[in-house]
Every structure is written in C-alpha cells, then in structure tokens.
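Peer 1: Shown below is the structure under consideration.
Protein chains: 2
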Amino acid sequence: MEKLTPKQQRVYDFIRDTLIDTGAPPTRAEIAQALGFASANAAQAHLRTLARKGAIELGSRRSRGIRLVNNSGEPASVDTAANDDTDDGLAVIGRVAAGEPILAVEHIERRVRIADDVFATPADYLLTVRGDSMTGVGILDGDLLGVKTASEVHNGQIGVFRLGEDVTVKRFFKSDTGAVRLQAENPAHADIQVDPEQDELVLEGLAVGVVRSIH
Amino acid sequence: MEKLTPKQQRVYDFIRDTLIDTGAPPTRAEIAQALGFASANAAQAHLRTLARKGAIELGSRRSRGIRLVNNSGEPASVDTAANDDTDDGLAVIGRVAAGEPILAVEHIERRVRIADDVFATPADYLLTVRGDSMTGVGILDGDLLGVKTASEVHNGQIGVFRLGEDVTVKRFFKSDTGAVRLQAENPAHADIQVDPEQDELVLEGLAVGVVRSIH
DNA sequence: GCCGCGACTGGATATATTTACAGCATGGAA
DNA sequence: TTCCATGCTGTAAATATATCCAGTCGCGGC
Numbered sequence: 001m002e003k004l005t006p007k008q009q010r011v012y013d014f015i016r017d018t019l020i021d022t023g024a025p026p027t028r029a030e031i032a033q034a035l036g037f038a039s040a041n042a043a044q045a046h047l048r049t050l051a052r053k054g055a056i057e058l059g060s061r062r063s064r065g066i067r068l069v070n071n072s073g074e075p076a077s078v079d080t081a082a083n084d085d086t087d088d089g090l091a092v093i094g095r096v097a098a099g100e101p102i103l104a105v106e107h108i109e110r111r112v113r114i115a116d117d118v119f120a121t122p123a124d125y126l127l128t129v130r131g132d133s134m135t136g137v138g139i140l141d142g143d144l145l146g147v148k149t150a151s152e153v154h155n156g157q158i159g160v161f162r163l164g165e166d167v168t169v170k171r172f173f174k175s176d177t178g179a180v181r182l183q184a185e186n187p188a189h190a191d192i193q194v195d196p197e198q199d200e201l202v203l204e205g206l207a208v209g210v211v212r213s214i215h
Numbered sequence: 001m002e003k004l005t006p007k008q009q010r011v012y013d014f015i016r017d018t019l020i021d022t023g024a025p026p027t028r029a030e031i032a033q034a035l036g037f038a039s040a041n042a043a044q045a046h047l048r049t050l051a052r053k054g055a056i057e058l059g060s061r062r063s064r065g066i067r068l069v070n071n072s073g074e075p076a077s078v079d080t081a082a083n084d085d086t087d088d089g090l091a092v093i094g095r096v097a098a099g100e101p102i103l104a105v106e107h108i109e110r111r112v113r114i115a116d117d118v119f120a121t122p123a124d125y126l127l128t129v130r131g132d133s134m135t136g137v138g139i140l141d142g143d144l145l146g147v148k149t150a151s152e153v154h155n156g157q158i159g160v161f162r163l164g165e166d167v168t169v170k171r172f173f174k175s176d177t178g179a180v181r182l183q184a185e186n187p188a189h190a191d192i193q194v195d196p197e198q199d200e201l202v203l204e205g206l207a208v209g210v211v212r213s214i215h
C-alpha cells in the first residue's frame with residue numbers, strides 16, 4: 001500500500017472510527033464536517049486518493065460505500081479521542097485467531113454495553129477470540145477480548161498483533177538483538193518468532209480485559 | 001430480546017451477512033431484493049419490528065442506519081430481586097463472613113456497570129474469585145464472576161456454593177445415589193465430596209459470566 | 001364477526017448521498 | 001517555467017434511500 005499523507009491518514013482514521021462507533025462507514029458530508037472541510041467534495045477527493053493508494057475500496061454510487069482494505073501500515077492511534085462517544089458500549093469488530101492464525105476481517109458484528117470503568121484501562125473495542133493458544137492465562141475460544149489501541153508494547157504484555165494477513169493474540173517479548181517473540185500461553189502451541197526487519201508486524205492494540213458469557 | 005419469527009430472523013441474518021460482505025449495513029431496497037419482496041416497504045416494516053424487539057437499532061433518516069444490537073439470546077430476567085437498587089450496575093461482592101447472607105449491603109465493595117445483555121443470562125451480582133481451583137475453564141484468581149441467583153443447579157453447571165463457612169465456585173455433579181461432587185477445574189485441586197444429608201450445602205447461584213481486567 | 005399482528009404490494013415524496021464540473025492556492029519535480 | 005499532486009471552496013444534477021400513506025391477505029384470539 002502506498003504511504004498516506006498525514007491528512008489522508010486522518011481521513012482513514014475517521015472512517016475507521018465511524019465504523020466502530022456507528023456500525024457503518026461515513027458519508028462524504030460526514031467526513032467533511034469531522035475534518036472541518038466546507039465542501040463534501042474535499043472528502044470525495046481524499047477518498048479517491050485513498051482508493052488509488054489501496055487503503056480503501058469505493059463502491060460506485062453506493063451510499064457509505066467505503067471499505068477499509070486491511071493492513072493499515074501505521075497503528076493509526078494518534079487521536080483515540082475520536083472514540084469517545086461512549087454512550088452505546090463497545091463494538092465487537094471481528095475475530096482474532098489465538099491459535100493457528102486465522103484471517104480476520106475488520107467489521108462490526110454487534111455491540112456490547114460495557115462501561116469505561118469496567119476494565120482498569122478502558123477498551124476501545126472488543127474482539128472475539130478464536131483458538132486456544134492463550135488458555136494458560138484464561139483467554140478462551142469465544143471470549144471477548146477488550147482491546148485498547150496503542151502504538152507501543154512492552155515486554156511481557158499481551159497484545160493483538162497483525163502478521164501479514166493474520167491477527168493474533170500473544171504475549172510480546174523483544175530481545176536485545178531486536179528479535180521479537182510472540183509467545184503463546186498454551187504448551188500445545190509454539191511461539192512465533194518474528195524478525196521486524198523482514199516480517200510485517202503491526203501492533204493493533206493491547207489486551208486490557210476479558211469478557212465471557214457462561215452458558 | 002423478544003423472540004424473532006423465522007422471517008424476521010432471515011432479515012436479521014441478511015443484515016449481518018451484508019455487514020460482513022460489504023462493510024456496511026444494507027438499504028431497505030437491498031433487503032427487499034435479497035428476500036424477494038417487491039416493495040422496500042416490506043423491509044421497512046421488518047426493520048421496525050426488529051427494532052421494537054430490540055434486535056437492532058435504527059438511525060433516523062440515516063442511510064444504512066442499521067445496527068445490530070446483541071444477539072445473545074435470552075430476554076432480560078423479570079425476577080431480578082437481587083438487583084434491588086439503582087440500575088447503576090452490578091454489585092461486586094467481597095469477602096463474605098460465615099453465616100451472613102451473601103448479598104448483604106456491607107459486602108458490596110463497588111459497582112461495575114455491565115448491561116443486562118452482556119452475558120447470555122443476566123447476572124444478579126458479581127463475585128470476586130479467590131483461588132485458582134477453576135483455572136482450567138478460564139476462571140482465574142481475581143476475576144469477577146457474574147452470578148445469577150437460582151434455586152437449582154444441573155449436572156455439569158458451574159455454580160457458587162456455600163459449604164458451611166466457605167463460599168466456593170465449582171462444577172456441580174450429583175450421582176443417582178444422591179451424593180454430590182463439587183469438581184475443581186484444576187488438577188492441583190481435589191474435588192469436594194458432599195453428602196447433602198449431612199453437610200450444609202447451599203446454592204448461592206449459577207455462574208453466568210466472567211469479567212477480567214488485564215493490567 | 002371483529003381485531004390485532006405478521007407479511008406483504010404499489011406509489012409518492014422528502015431527504016440523503018454521490019458525483020461531475022469549475023476554480024483557487026501551494027510546493028516539489030522536470 | 002511548466003507540470004503535477006495535494007488540498008481545498010462552491011454549485012448543481014443525478015441517484016440512492018428512508019419513510020409515509022393506502023390497501024390486501026391470512027391467521028389466531030376474543
């Protein structure tokens with residue numbers, strides 16, 4: 001994907017935030033208003049550029065026909081403040097493979113009303129965990145994982161990572177040599193060794209909580 | 001959530017599928033076409049019904065303004081006697097002294113705002129888990145356990161039991177002979193054998209959910 | 001029978017939304 | 001200097017959408 005300019009990144013981030021907040025992509029007018037443009041056409045121009053660069057896909061003559069193409073090179077968490085509407089709870093935005101990494105599509109499945117103060121660190125959204133690689137720390141298949149977007153992760157923290165096409169939950173470790181190890185918390189699963197120079201590793205966020213419904 | 005008719009369920013499913021396929025909810029016309037209606041108004045009527053039943057939320061005059069709410073199934077309970085005061089969240093119960101009712105006001109440590117529909121079965125209160133006897137099923141020391149008061153427990157269900165002076169979380173099994181076994185989900189812990197004739201075993205409630213904050 | 005509810009058809013209308021066209025300004029590259 | 005990408009304003013037209021109104025049909029309860 002071609003690199004985005006700061007302005008274009010803000011447009012992209014707003015689309016993402018709107019998806020999470022409202023369940024649907026924004027219109028040109030909504031983008032213009034949010035970014036302070038007087039004309040919706042400014043937003044239209046940005047969208048064309050984003051589409052040309054491969055960051056999004058546009059549906060022709062389709063209202064709110066904007067799709068995020070996976071793999072935002074940057075963690076995009078510059079202005080998480082955009083996420084503060086709170087009143088309706090958290091969006092469940094997809095599935096995370098916590099085992100053999102499975103393809104994760106970014107979309108909103110539903111919303112769950114969990115207040116900001118339930119987790120020590122407020123979550124920005126929830127992901128449905130798939131797989132059993134983190135059962136050792138009580139994160140089971142089907143659990144909802146509270147995720148807070150972040151731009152950095154410290155040794156030993158549990159984070160949500162994107163490795164190429166896959167999204168996975170693992171415990172993060174980085175050695176002095178720069179090698180990264182994504183550690184599973186289940187003896188049946190091997191750790192994942194990553195060379196940040198070679199592999200495309202993106203931090204999607206930090207795990208801040210778990211919610212499970214017992215049937 | 002009120003129960004949906006088969007037709008209504010098909011509409012709901014289509015909304016979900018469209019969300020997954022295109023990244024945005026469908027329009028009335030798209031719903032009508034997909035389900036074979038000649039008029040978009042048929043879809044509109046269905047949407048109104050779904051909204052009334054709480055399955056979705058509709059945005060006014062907003063294109064594709066459809067949000068899935070939470071399909072976790074069961075209607076909110078009617079008899080939430082334990083939920084005495086304000087709907088300001090669930091009470092977190094701390095240490096319970098021997099012989100005292102678990103729901104006594106003095107045991108309430110704080111309140112956590114978790115909506116009724118977060119767990120498939122709404123919880124009446126939250127209990128702070130002590131010990132690691134249930135780590136095998138992802139219930140860890142320090143977790144908040146959602147508990148629903150109940151008068152009976154079936155084989156295999158996880159419940160909160162009072163055994164004399166102690167309150168414990170275990171999986172329940174009753175044999176044909178009437179002997180009760182409270183099973184730990186951790187190899188390091190032995191099961192507890194109970195003779196209901198002899199021992200004082202009280203069911204405080206059923207485990208309906210888990211909430212954990214990751215630091 | 002009468003009524004409410006679930007499931008529709010058909011048509012009309014007010015908005016919402018996309019998109020094209022015409023410009024303007026800036027800054028870097030050829 | 002000219003060309004081109006970025007980043008905008010403003011207006012207008014063409015569509016896409018939501019929503020209202022007026023009916024129809026069948027079914028189960030009162």
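Residue numbers (UniProt numbering), protein chains in the order written: chain A, 1 to 215; chain B, 1 to 215. Heads up, the beta-carbon is just placed ideally off N, CA and C, and yes, glycines get one too. Please read all numbers here as calculations on a predicted model, not as lab measurements.
(1) Give the interface partners of A/His-215 over in chain B, defined as CB-CB distance under 7 Å, in chain order.
(2) In whole angstroms, what separates the C-alpha of A/Arg-212 from that of A/Thr-128?
(3) Please state whether DSSP places B/Phe-119 in a helix, a strand or coil.
(4) State the Cα-Cα distance for the pair B/Pro-196 and B/His-154, rounded to the nearest angstrom.
(5) Quick one: does B/Asp-17 have its CB under 8 Å from some CB of chain A?
(6) Name the chain B residues that come within less than 7 Å of A/Ile-158, Cβ to Cβ?
(7) Where A/Arg-16 and B/Glu-57 are concerned, what is the direct C-alpha to C-alpha distance, given to the nearest angstrom?
(8) With distances taken between CB atoms, is the gap from B/Ile-214 to A/Val-210 smaller than 8 Å?
(9) Which two residues bound the contiguous beta strand (DSSP E) that contains B/Val-210?
(10) Under 9 Å Cβ-Cβ, which residues of chain A neighbour B/Ala-115?
(11) Name the chain B residues whose beta carbon is nearer than 9 Å to that of A/Arg-67?
(12) Counting only the same chain and skipping the five closest in sequence on each side, list residues whose C-beta sits under 7 Å from that of A/Arg-67.
(13) Should the stretch 40-55 of chain A be regarded as contacting the stretch 3-17 of chain A, the criterion being three or more beta carbon pairs within less than 8 Å?
(14) Is A/Val-112 buried or exposed, if buried means 16 or more other CB atoms sit within 10 Å of its CB?
(15) Are the CB atoms of B/Leu-203 and B/Gly-159 within a distance shorter than 8 Å?
(16) At least one CB of chain B closer than 8 Å to the CB of A/Leu-163: is that the case?
(17) Give the C-beta separation of B/Gln-193 and B/Ala-179 to the nearest angstrom, bearing in mind that I take them to be a contact with Cβ-Cβ under 8 Å.
(18) Return no unless some Cβ of chain B is closer than 8 Å to the Cβ of A/Ser-60.
(19) Going by the CB atoms, is the gap between A/Ala-42 and A/Ala-32 shorter than 8 Å?
(20) So, A/Thr-135 versus B/Gly-138, is the Cβ gap smaller than 8 Å?
(21) For B/Glu-57, which residues does DSSP report across the bridge?
(22) Say whether chain B places a C-beta atom closer than 8 Å to the C-beta of A/Leu-140.
(23) Excluding five sequence neighbours on each side, which residues of the same chain lie with their C-beta closer than 8 Å to the C-beta of A/Thr-22?
(24) For a contact defined as C-beta to C-beta under 9 Å, what are the partners of A/Val-208 on chain B?
(25) What are the start and end residues of the beta strand (DSSP E) that includes B/Asp-166?
(26) For the putative contact between A/Arg-64 and B/Arg-64, defined by C-beta atoms under 8 Å, what is the C-beta separation to the nearest angstrom?
(27) Please identify the residue among A/Val-169, A/Arg-62, A/Ala-24, A/Ser-60 whose C-alpha is closest to the C-alpha of A/Asp-143.
(28) Pick from A/Asp-124, A/Ala-24, A/Gly-156, A/His-189: whose alpha carbon is nearest that of A/Gly-131?
(29) DSSP three-state call for A/Glu-74: helix, strand or coil?
Peer 2: By the coordinates alone:
(1) The residue you call residue 215 of chain A lines up with position 215 of the first sequence. Counting only Cβ-Cβ distances below 7 Å, A/His-215 has contacts in chain B at Ala-120, in chain order.
(2) For the purposes of this step, residue 212 of chain A is identified with residue 212 of the first sequence, where counting begins at 1. For the purposes of this step, residue 128 of chain A is identified with residue 128 of the first sequence, where counting begins at 1. Roughly 10 Å separates the two Cα atoms.
(3) Counting from one through the second sequence, the residue named residue 119 of chain B turns up at place 119. Note: B/Phe-119 maps to coil in three-state DSSP.
(4) What you label residue 196 of chain B is simply residue 196 of the second sequence in a count that begins at 1. What you label residue 154 of chain B is simply residue 154 of the second sequence in a count that begins at 1. Their backbone Cα atoms lie some 15 Å apart in a straight line.
(5) As a first step, residue 17 of chain B is located in the second sequence; it is residue number 17 there, counting from the start. B/Asp-17 does not count as touching chain A.
(6) The residue given as residue 158 of chain A occupies position 158 in the first sequence. Against A/Ile-158, the close residues of chain B are Ile-214, in the order they occur along the chain (beta-carbon pairs closer than 7 Å).
(7) Translated into positions along the first sequence, residue 16 of chain A becomes position 16. Translated into positions along the second sequence, residue 57 of chain B becomes position 57. Going from the Cα of A/Arg-16 to the Cα of B/Glu-57 covers about 20 Å.
(8) Residue 214 of chain B sits at position 214 when you count from the first residue of the second sequence. Residue 210 of chain A sits at position 210 when you count from the first residue of the first sequence. Cβ atoms of B/Ile-214 and A/Val-210: closer than 8 Å.
(9) On the second sequence, position 210 is the one that residue 210 of chain B refers to. First-last of the beta strand (DSSP E) with B/Val-210: 201-213.
(10) As a first step, residue 115 of chain B must be located in the second sequence, where it is residue number 115. Chain A residues near B/Ala-115: Gly-89, Val-112, Arg-113, Ile-114, Ala-115.
(11) Residue mapping note: residue 67 of chain A aligns to position 67 of the first sequence, counting from 1. Those are Thr-22, Gly-23, Ala-24, listed as they occur along chain B.
(12) Within the first sequence, residue 67 of chain A is the residue found at index 67, counting from 1. Excluding positions up to five away in sequence, the list reads Ile-56, Glu-57.
(13) With the cut-off at 8 Å, the stretch 40-55 of chain A and the stretch 3-17 of chain A touch.
(14) By 1-based counting over the first sequence, the position of residue 112 of chain A is 112. Per the 10 Å Cβ criterion, buried.
(15) As a position in the second sequence, residue 159 of chain B is number 159, starting the count at 1. As a position in the second sequence, residue 203 of chain B is number 203, starting the count at 1. Contact: yes.
(16) In the first sequence, residue 163 of chain A corresponds to position 163, counting from 1. Chain B, which has no Cβ nearer than 8 Å to the Cβ of A/Leu-163, makes this no.
(17) Within the second sequence, numbered from 1, the residue matching residue 193 of chain B stands at position 193. Within the second sequence, numbered from 1, the residue matching residue 179 of chain B stands at position 179. 7 Å between Cβ atoms; contact.
(18) The sequence position of residue 60 of chain A within the first sequence is 60, counting from 1. Chain B contact via Cβ: absent.
(19) Working through the first sequence from its first residue, we reach residue 32 of chain A at position 32. Working through the first sequence from its first residue, we reach residue 42 of chain A at position 42. Cβ distance < 8 Å, so A/Ala-32 and A/Ala-42 count as in contact.
(20) By one-based count along the first sequence, residue 135 of chain A stands at place 135. By one-based count along the second sequence, residue 138 of chain B stands at place 138. Yes. Within cutoff.
(21) Numbered from 1 along the second sequence, position 57 holds the residue referred to as residue 57 of chain B. Its beta-bridge partners are B/Arg-67.
(22) Here residue 140 of chain A corresponds to residue number 140 of the first sequence, with the count starting at 1. Chain B, which has a Cβ nearer than 8 Å to the Cβ of A/Leu-140, makes this yes.
(23) On the first sequence, residue 22 of chain A is found 22 positions in, with the first residue counted as 1. Within the same chain, no Cβ atom closer than 8 Å to the Cβ of A/Thr-22 is found once the five residues on either side in sequence are excluded.
(24) Within the first sequence, residue 208 of chain A is the residue found at index 208, counting from 1. The contacting residues are Ser-213, Ile-214, His-215.
(25) For this step, residue 166 of chain B is matched to residue 166 along the second sequence. From DSSP, the beta strand (DSSP E) with B/Asp-166 extends over 166-174.
(26) Mapped onto the first sequence, residue 64 of chain A falls at position 64. Mapped onto the second sequence, residue 64 of chain B falls at position 64. The pair is a contact, with the Cβ atoms about 5 Å apart (cut-off 8 Å).
(27) Stepping through the first sequence from its first residue, residue 143 of chain A is reached at position 143. Among A/Val-169, A/Arg-62, A/Ala-24, A/Ser-60, the Cα nearest to that of A/Asp-143 belongs to A/Val-169.
(28) Within the first sequence, residue 131 of chain A is the residue found at index 131, counting from 1. The shortest Cα separation from A/Gly-131 among A/Asp-124, A/Ala-24, A/Gly-156, A/His-189 belongs to A/His-189.
(29) By 1-based counting over the first sequence, the position of residue 74 of chain A is 74. Because the pLDDT at A/Glu-74 is just 33, under 50, the model does not fix this residue reliably, and the value given afterwards should be weighed accordingly. Correct three-state label for A/Glu-74: coil.
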